[in-house]
Amino acid sequence: MAAPRKTPEINGGSMADISFLMLIFFLMVSTMDKEEGISRRLPVMPPEDMKVEDQKVNRRNIIQVKVNAQDRLFAGNEIIDITQLKDKIKEFMTNPQNDPNLPDKEVTFIEGYGDCPVSKGVISLQNDRGTSYSKYIEVQNELIRAVNELRDEWSMANYGKRYSRLTEDQQTIVRKAVPQNISEAEPKDVTKRRR
Amino acid sequence: MSKFVDKGKKETPGISTASLPDIVFMILMFFMVSVSMRQTDRKVIVSLPGASEVAKLERKDLASYIYIGTPTLQYQSLYGTDSQIQLNDAFRSIEDIRDFIAAERESISEAERPFMTVSIKADQNTRMGIITDVKQELRRCSALRIMYSARKVSAI
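So the protein lines, in turn, are chains A and B. Residues 455 to 649 in the numbering used here are what the first sequence spells out, letter by letter. Residues 3 to 158 in the numbering used here are what the second sequence spells out, letter by letter.
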């Protein structure tokens, strides 16, 4: 009888080469770009047989932000610069002096917080077909920045922390107290054509 | 004295490479989990607009991408330099978005369909006309969650 033979060990020296090969492969086929952007929810398309009727939004509760084909900005009733937009929106949404031309506030009950005056303001954003995309994003960004700053201020006043540091429940409360009502209006030509 | 006899040349022992595969595997694993697969060839030039208030896309696997921009140099003789829409791997028109969305919706499970997001990756020099058309078409397909892809800049 032959003595039990030792099975030869497999040489693991080439393991490194193999895994390097796989590493290189993964590096080639993959992307690492972060997916970031501005999240939006489009309004539901009204059925075609239904007549488009203007929602009954009180005049004072809506602010028109228009961007024309020359990338010029129009908000409220005046031509303004993009740097002024954020403060204008913040003033519109908070209405600190209870101006009758700015949106009124409705005392709503928010679960977990209690009664709180919530602005009924709606920001309506309109653009022309010739507006550049970068300007459009810039305007969107300013609108969101205004709302985010208001949320920060609100949470600072009520919880003593910034919005991003609150718990999830608290964030929900803040979102209800400071809503982000940005509506992307039905497309129409903002720029008047002279023909 | 004989305790400290110099035994001629002493060789420095080579560094053991036995743990090299483990290290490389570790890097490999890191890349595999942190990275997403490149799904499509870019046929349009997209330089994203900058924005400071960007949010992260939470579920990358539920996202579909619509690229809008000028065709790359090799396709310009065919498609011109005007903004084009790229879906998956080919140039498409507005009407094809409906089928594209339907196919994307089929590919994800029913429970997660409401969370499907359409990420619009448009070049910053695109005109809003084509994007408005795309948005209207998306509304018609009731793909309402969208994201304007942007790169994060600290301040504009």
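Glycine included, every Cβ here is placed at the ideal spot set by N, Cα and C.
Taking the continuous beta strand (DSSP E) assigned at V120(B), which residues delimit it?
-> V120(B) -> beta strand (DSSP E) spans T119 to A124.
A145(B) versus I103(B) - alpha carbon distance | Cα to Cα, A145(B) sits roughly 8 Å from I103(B).
I133(B) and Y587(A) closer than 9 Å at C-beta = In this structure, Y587(A) lies closer than 9 Å to I133(B) by Cβ.
Would you kindly report the start and end of the unbroken beta strand (DSSP E) that includes G568(A)?
-> Start and end: G568 to S573.
Where does N127(B) sit, in a helix, a strand or coil, going by DSSP?
-> Residue state, collapsed to three classes: coil.
For L75(B), I'd like the list of residues in its chain whose CB is within less than 7 Å of its CB, leaving aside the five on either flank, ordered along the chain.
-> Around L75(B): no qualifying Cβ.
Using the beta-carbon count (16 or more within 10 Å), is V644(A) buried or exposed?
-> Confidence at V644(A) is low in this model, with a pLDDT of 47, below 50, so its placement is unreliable and no value can be given for it.
Exposure of F546(A), with buried meaning 16 or more beta-carbon neighbours within 10 Å | F546(A) is buried by the Cβ-count criterion.
CB-CB length for P557(A) against S573(A), believed under 8 Å = At roughly 5 Å, the Cβ-Cβ gap stays under 8 Å, so P557(A) and S573(A) are in contact.
Using the C-alpha atoms, what's the distance from S85(B) back to R129(B)?
-> About 8 Å.
Quick one: what's got a C-beta closer than 8 Å to F117(B)'s C-beta in the same chain, skipping five residues either side?
-> R61, L64 and R147.
At which residues does the alpha helix (DSSP H) containing R44(B) begin and terminate?
-> Segment: none, R44(B) is in no alpha helix (DSSP H) and carries neither H nor E.
Backbone secondary structure at T72(B) - three-state DSSP = Correct three-state label for T72(B): strand.
Through-space distance from F27(B) to R616(A), alpha-carbon basis | When only Cα atoms are considered, R616(A) and F27(B) end up about 41 Å apart.
Chain A within 9 Å of R153(B), Cβ atoms only | So, interface residue.
At a CB-CB cut-off below 9 Å, which residues of chain A make contact with M149(B)?
-> The answer, in chain order, is E489, E490, G491, I492, S493 and R494.
For E114(B), does the three-state DSSP call read helix, strand or coil?
-> Helix, per DSSP.
Which whole-angstrom value describes the C-beta separation of A470(A) and T83(B), a residue pair presumed to lie in contact below a C-beta threshold of 8 Å?
-> Incorrect: roughly 48 Å between the Cβ atoms, too far for contact.
Does the beta carbon of I534(A) come closer than 9 Å to any beta carbon on chain B?
-> For I534(A), the answer is no, since every Cβ of chain B falls outside 9 Å of its Cβ.
Cβ pair count under 8 Å reaching 3, the stretch 584-598 of chain A against the stretch 50-60 of chain B = Pairwise C-beta distances place the stretch 584-598 of chain A in contact with the stretch 50-60 of chain B, as three or more of them are shorter than 8 Å.
Using a C-beta cutoff of 9 Å, does T83(B) count as contacting chain A?
-> With its beta carbon at least 9 Å from every one in chain A, T83(B) lies outside the interface.
Is I464(A) helix, strand or coil when you go by DSSP?
-> Per DSSP, reduced to three states, the secondary structure at I464(A) is coil, with no helix or strand assignment.
Distance between M149(B) and R494(A) (C-alpha atoms, nearest Å) = Pairing R494(A) with M149(B), the inter-Cα distance amounts to about 6 Å.
Three-state secondary structure assigned by DSSP to M499(A) | Coil, per DSSP.
Along the beta strand (DSSP E) that carries V155(B), what are the first and last residues, could you check?
-> Per DSSP, V155(B) belongs to no beta strand (DSSP E) and is neither H nor E.
Quick one: grab the DSSP three-state call for K520(A).
-> Of the three classes helix, strand and coil, the one that applies to K520(A) here is strand, per DSSP.
Inter-stretch contact (C-beta, 8 Å, three-pair minimum) for the stretch 554-568 of chain A and the stretch 86-95 of chain B | No, the stretch 554-568 of chain A does not touch the stretch 86-95 of chain B.
Among T626(A), T621(A) and I517(A), which has the Cα closest to the Cα of N549(A)?
-> If we check each option's Cα against that of N549(A), I517(A) comes out closest.
Would you mind sorting T537(A) into buried or exposed? The rule is 16 or more other CB atoms within 10 Å of its CB.
-> An exposed status is given to T537(A), since fewer than 16 other beta-carbon atoms sit within 10 Å of its beta-carbon.
With 16 as the cutoff for other CB atoms within 10 Å, does R115(B) come out buried or exposed?
-> Under this definition R115(B) is an exposed residue.
Within chain A, partners of Q88(B) - CB distance below 7 Å | Simply none; closest approach about 15 Å.
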